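Rendered as structure tokens:
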């Protein structure tokens, strides 16, 4: 009788031990499975690994946001063909959760997506050679043609990469040749005989053409060279004791001397009381 009781107790203990071991194995298996989902030890450099939504190599970058995917020519699932030069400026690329152009901004956080329908814009972009040379602010972001990053930063747009030595290129407000100087401030313009409007800004013509002729950052009457030139009558000022007491409408605004706010409201002018 005692042997039977002992035998049954031994069997029960054996079964319990087996269950505990099985539970341990399940736990370990579950942990391993969770580790697989998290990633951390596998490469991320194939089409399969670059589109599975997993940070396979554990570097905190997933799929096409990982340079191993983005810059790998063998990876075809990332826009740009594994070269990192994809665009992010349409409804599809601005809503896929991927930093397609590799500039650190994803979807609607990327300025290139501002005017896409998916990001609340009108849906018309400014990112082709045609749109970047039509003189129109196609995406309504206040920047026209090459002044728009959608044009200047899009690899496929070539009209913004040309030389800066023509009348058009030297008056478009853009640094066409990317040398740090634009328009008349660029020696390619100012030293070019064919670009006749680049030079001093101290004549009636130069002070009324809407161009920064001397490349100093000031245009027409905003340039002191125009204001200080007596022959440039459209830029004359009336804001000194001498000019405010000579009986002449120096700035030709129909108000003479102290009747001109430039005199009467100027704390540096003493003759107007």
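Numbering (my numbering), first residue to last: 60 to 332. Glycine is no exception: its CB is placed at the ideal position from the N, C-alpha and C atoms. What you are looking at is a predicted structure, and each value in this text was computed from that prediction instead of being measured.
Spatially closest choice to residue i from the options, by CA coordinates
i, options, result
"residue 295", "301, 304, 303 and 285", "285"
"residue 155", "124, 215 and 131", "124"
Through-space distance from residue j to residue i, alpha-carbon basis
i, j, result
"residue 104", "residue 152", "21 Å"
"residue 226", "residue 243", "10 Å"
"residue 199", "residue 185", "9 Å"
"residue 240", "residue 126", "33 Å"
"residue 169", "residue 147", "8 Å"
"residue 347", "residue 324", "Residue 347 cannot be examined here, being either before or after the span of the chain that is shown, 60 to 332."
"residue 299", "residue 321", "9 Å"
"residue 187", "residue 157", "22 Å"
"residue 270", "residue 258", "10 Å"
"residue 19", "residue 150", "The structure shown does not extend to residue 19, since the chain spans only 60 to 332, so no value can be given for it."
"residue 396", "residue 255", "The structure shown has nothing for residue 396, since the chain only spans 60 to 332."
"residue 316", "residue 272", "31 Å"
Residue burial classification, residue i (beta-carbon count within 10 angstroms, cutoff 16)
i, result
"residue 91", "Since pLDDT at residue 91 reaches only 37, below the 50 mark, its modelled position is unreliable, and the value read off the structure follows with that caveat. Flag for residue 91 reads exposed."
"residue 176", "exposed"
"residue 108", "buried"
"residue 166", "buried"
"residue 201", "exposed"
"residue 129", "buried"
"residue 313", "exposed"
"residue 265", "buried"
"residue 332", "exposed"
"residue 134", "buried"
"residue 121", "buried"
"residue 194", "exposed"
"residue 318", "exposed"
Rounded distance between the beta-carbons of residue j and residue i, thought under 8 Å
i, j, result
"residue 236", "residue 214", "About 17 Å; that fails the 8 Å criterion."
"residue 101", "residue 116", "6 Å"
"residue 210", "residue 219", "5 Å"
Check: residue i C-beta below 8 Å from any heavy atom of the ligand MG
i, result
"residue 160", "Of ligands this structure carries none, so the ligand MG is not represented either."
### Task
Note down, one range per segment and in chain order, each alpha helix (DSSP H) of at least 4 residues found wholly within the stretch 170 to 214.
Runs of the alpha helix (DSSP H) inside the stretch 170 to 214: 208 to 211.
### Whole runs of the alpha helix (DSSP H) within the stretch 255 to 306, excluding any shorter than 4 residues
Qualifying alpha helix (DSSP H) stretches, in chain order: 283 to 286.
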